[in-house]
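In the working numbering, the protein residues as written are 26 to 120.
All C-beta atoms, glycine included, are put in the ideal place defined by N, C-alpha and C.
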């Protein structure tokens, strides 16, 4: 879920929905004296971003997505699936 090329909004969303993971990464930055991105820490990046509206609007889906167990039926043909909010949307990769 986290990526070295994550945007500010991606880090803000991770901090919101997966605070334990977020803090573990932030602690690594502090422990090693290096940040994942050259210019700022993940905490600073998250402060600059805004969590994705989809994560704010549907905490029930966030909980399901982060679960290690899926016990609900899978409905609909795969051809009808769409990318989740934020997928391929920010071009936050290497430059």
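Just to confirm, are residue i and residue j a CB contact at a threshold of 8 angstroms?
| i | j | result |
| --- | --- | --- |
| residue 87 | residue 36 | no |
| residue 41 | residue 76 | yes |
Any idea if residue i is buried or exposed, counting beta-carbon neighbours within 10 angstroms, 16 or more meaning buried?
| i | result |
| --- | --- |
| residue 29 | exposed |
| residue 105 | exposed |
| residue 101 | exposed |
| residue 71 | buried |
| residue 112 | exposed |
Have a look at the options and flag the residue whose alpha-carbon is nearest the alpha-carbon of residue i.
| i | options | result |
| --- | --- | --- |
| residue 110 | 63, 39 and 78 | 78 |
| residue 34 | 69, 53 and 102 | 69 |
| residue 84 | 32, 38, 26 and 65 | 38 |
| residue 64 | 81, 49, 31 and 89 | 31 |
Report the CB separation of residue i from residue j in whole angstroms; it is logged as a contact under 8 angstroms.
| i | j | result |
| --- | --- | --- |
| residue 91 | residue 43 | 6 angstroms |
Q) Below 8 angstroms, can you find three or more Cβ-Cβ pairs linking the region 50-59 to the region 84-99? A) The count of Cβ pairs closer than 8 angstroms, one atom from the region 50-59 and one from the region 84-99, stays below three, leaving the stretches out of contact.
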